[in-house]
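Residue numbers (my numbering): 38 to 520.
Okay, structure first, notes after.
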Amino acid sequence: MNYDFKYHLSRRGFLAAATGLAVYASLRPVVASVDERSIKVAPSQARLTGQDGPATAVWTYNGALPGPALRLRQGQPVRITVENGLDEDTTVHWHGIRLPNAMDGVPGLTQSPIKPGESFVYEFTPPDAGTFWYHPHADSLVQLGRGLAGPLIVDEREPVAVDRDLLWLLQDWRLTKDRQIAGGFGSMMDASMSGRVGNMVTINGQAPKDQSVRAGERVRFRLANASLARMMALRFEGHRPVVLAIDGQPCEPHEPEGGRLVLAPAMRIDVAIDMQGDPGSGHDVIDDFYDGLAYRLTTLAYDKPPPLRAHPLQAPLALPRNPLPAPDLPNAVRQEIVLQGGMMGGGKLAGVGGMMGMSGMMGMTMPGMNGAAAWAINGMSMTGDGHAGMAPQFTLERGATCHLTMRNETAWWHPMHVHGFSLSVLSRNGSPVPHRQWQDTALLAPKDVIECAFVADNPGDWMLHCHVADHQMSGLMTVFRVT
């Protein structure tokens, strides 16, 4: 599956088109037509290694791996009917979309799960343009691990000056020798350490092939990590990617530190690359997140025709900002969450009200053993995917600014995802975070402290959890309430 959205705009053509669109938009009436979509969740098969390779039993949306690319328009209502063809409950979470709480897809907390053979209609209006994705929030570890993930793109109101728009949805698989998905979901070792890291990475549902590019073109790459646990750090050798957006939210264009694009599970990064390689040349894209385990993800293979243009495109790189409310930091309500537990984490974990508890490393049981909790937030472990009656960690009045500190006291990495909001990331370990970054998934390295802020303008009970699926399922999850 090739998610290649072509634009091929010259600078003059782009400016003329933008002017024409602006005039047209000023004349036409506002139409709030509803974009109707449908998705069926069901078992299927995929040839992860190519059409000549063995078939792997997977779970899919509309029979495609990954699921169909839902391309929506900013500010246009959408109605998506999801039919469950599995033999177990499911839901769909529209990851990163600021939507009504009832549409958030958390079973028990925001909706009843979709039973086998039944359907649920999700209705929302995407307020933000950007790169998002969708996935289940029921039996998350297994359903994500069997392939249920799909890209969701909300287009900017005006065209962006690039020649091509490429999406790479990255998934990590743990496969047996015969290319079937390995069992053993939720093992103690995975739960209490780095999670279920696999042995094969795919781009858009297939083993990576060379990516064809042309000298002189500007490409927008939308990079999305839909893995259960694998962290990634991508280097585009011989090129200088410029970060345009993180988790769907535009930032000040900048080159990443050390040239590495760090993508934890659930994160997205949009970059622009001016292809300045020689026609016929090849340049590797390397993932070197894990020490000593670097590998070639793919190769940028330049076509032989002469460059599309002699000099890089001069159109500005900055994307239009989304309508995020600005935090009122001087009057902010301060909250803190502390991540605890895991192998080598020490300490004690507690649980009440149907939430599973456990002793720490020095206690009677090992973290994650026999389904027990391995992690905690502020000493409390919520396990699974969500359920009715989860007590909120804290409550915010609607419209208040929350200054949230996240403190990682564990020995492991955690991409912490907040539902319903984007976070203005203020500082990391006491140092200001540059480039005006907003994220819905903030990656905390071991012992990291991140300060962020958001306006609590979206009422409801909202999840906040680690997006390493094993960690979420074994206790690294909480809820906050906006009244």
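We treat Cβ as the ideally placed atom computed from N, Cα and C, and that holds for glycine.
Where residue i falls: helix, strand or coil (DSSP)
i, result
"Leu-356", "coil"
"Leu-366", "helix"
"Pro-66", "Note that Pro-66 scores a pLDDT of 45, beneath 50, so its modelled location is shaky and nothing firm can be said."
"Gly-50", "Because the pLDDT of Gly-50 is 44, which lies under 50, any placement of that residue in the model is unreliable, and the question is left without a value."
"Val-60", "Here the model assigns Val-60 a pLDDT of 38, short of 50, so the residue's position is not dependable, and the following value carries that caveat. In the structure shown, Val-60 sits in a helix (DSSP, three-state: H, G or I)."
"Asp-311", "strand"
"Asp-124", "coil"
"Met-225", "helix"
"Ser-231", "coil"
"Val-71", "coil"
"Asp-507", "helix"
"Val-199", "coil"
"Val-462", "strand"
"Gly-182", "helix"
"Ser-264", "coil"
"Asn-241", "coil"
"Ser-177", "helix"
"Ala-294", "As written in the sequence, residue 294 is Glu, which differs from the Ala given in the question. Here Glu-294 sits in helix by DSSP."
"Ala-479", "strand"
"Phe-517", "strand"
Whole-angstrom C-beta distance between residue j and residue i, which should lie under 8 Å
i, j, result
"Gln-111", "Asp-284", "That belief does not hold up - the Cβ atoms of Gln-111 and Asp-284 are roughly 16 Å apart, past 8 Å."
"Arg-272", "Ile-306", "Incorrect: roughly 13 Å between the Cβ atoms, too far for contact."
"Val-250", "Met-304", "That belief does not hold up - the Cβ atoms of Val-250 and Met-304 are roughly 24 Å apart, past 8 Å."
"Ala-369", "Ala-490", "6 Å"
"Trp-450", "Ala-482", "6 Å"
"Val-308", "Leu-260", "7 Å"
"Val-5", "Gln-474", "What the structure shows of the chain is the stretch from 38 to 520, and residue 5 is not part of that stretch, so it cannot be assessed."
"Gly-167", "Asn-359", "7 Å"
"Tyr-159", "Val-129", "7 Å"
Which listed residue (the options) has its alpha carbon closest to that of residue i
i, options, result
"Pro-496", "Thr-147, Val-71, Arg-108", "Thr-147"
"Thr-520", "Met-514, Ser-511, Asp-498, Asp-202", "Asp-498"
"Asp-485", "Gly-122, His-291, Pro-452", "Pro-452"
"Met-417", "Gln-286, Glu-193, Val-375, Leu-204", "Val-375"
"Asp-315", "Met-304, Ala-338, Leu-136", "Ala-338"
"Ile-240", "Asp-209, Leu-345, Gly-378, Gly-457", "Asp-209"
"Asp-89", "Leu-361, Gly-122, Arg-216", "Arg-216"
"Met-380", "Leu-185, Thr-97, Ala-228", "Ala-228"
"Ile-218", "Val-71, Gln-82, Pro-469, Met-443", "Gln-82"
"Leu-354", "Leu-441, Asp-72, Leu-281", "Leu-281"
"Pro-137", "Asp-126, Pro-150, Pro-114, Ser-156", "Pro-114"
"Tyr-332", "Ala-301, Arg-116, Val-238, Pro-290", "Val-238"
"Glu-289", "Met-419, Phe-458, Val-470", "Val-470"
"Leu-480", "His-504, Val-129, Gly-457", "His-504"
"Ala-493", "Ala-409, Val-234, Leu-441", "Leu-441"
"Thr-336", "Asp-328, Met-269, Asp-247", "Asp-247"
"Thr-447", "Thr-438, His-508, Leu-178", "His-508"
"Thr-162", "Leu-178, Pro-144, Arg-135, Val-179", "Arg-135"
"Tyr-327", "Trp-205, Ala-244, Val-234", "Val-234"
"Met-269", "Pro-173, Asp-325, Tyr-98", "Asp-325"
"Val-199", "Leu-361, Ala-352, Tyr-40", "Ala-352"
Span separating the alpha-carbon of residue i from that of residue j
i, j, result
"Gly-232", "Lys-341", "43 Å"
"Ala-506", "Pro-343", "46 Å"
"Arg-183", "Ala-252", "38 Å"
"Arg-194", "Asp-165", "10 Å"
"Thr-118", "Met-140", "12 Å"
"Arg-518", "Asp-321", "46 Å"
"Ser-264", "Gln-286", "21 Å"
"Lys-214", "Leu-460", "42 Å"
"Gly-296", "Gly-378", "32 Å"
"Met-443", "Glu-488", "6 Å"
"Leu-185", "Pro-367", "42 Å"
"Leu-298", "Arg-267", "14 Å"
"Asn-121", "Gly-87", "28 Å"
"Ile-1", "Phe-157", "With the chain covering 38 to 520 only, the question about residue 1 has no answer from this structure."
"Ile-414", "Glu-373", "10 Å"
"Gly-133", "Asp-124", "28 Å"
"Gly-104", "Leu-181", "12 Å"
"Pro-364", "Leu-501", "19 Å"
"Arg-371", "Cys-439", "6 Å"
"Glu-73", "Arg-116", "5 Å"
"Gly-223", "Met-230", "11 Å"
"Gly-221", "Gly-512", "18 Å"
Same chain only: Cβ atoms within 6 Å of residue i, ignoring 5 sequence neighbours per side
i, result
"Leu-189", "Leu-107, Phe-169, Trp-170, Tyr-171"
"Gln-430", "Thr-515, Phe-517"
"Gly-400", "Note on Gly-400: pLDDT 35, under 50, position unreliable in the model; the coordinate value appears next. Closer than 6 Å at Cβ, skipping near neighbours: no residue."
Proximal residues to residue i (C-beta, below 8 Å), its chain only, five neighbours per side dropped
i, result
"Ile-310", "Arg-255, Val-256, Phe-258, Phe-273, His-276, Arg-277, Pro-278, Val-279"
"Thr-432", "Phe-517, Arg-518, Val-519, Thr-520"
"Val-95", "Pro-80, Ser-81, Gln-82, Ala-83, Leu-102, Arg-183, Gly-184, Ile-218"
"Glu-571", "Only positions 38 to 520 of the chain appear in the structure, and residue 571 is not among them; the question remains open."
"Asp-126", "Pro-144, Pro-150, Ile-151, Lys-152, Pro-153, Ala-175, Asp-176"
Own chain partners of residue i with C-beta closer than 7 Å, once the 5 adjacent residues on each side are dropped
i, result
"Gly-421", "Met-510"
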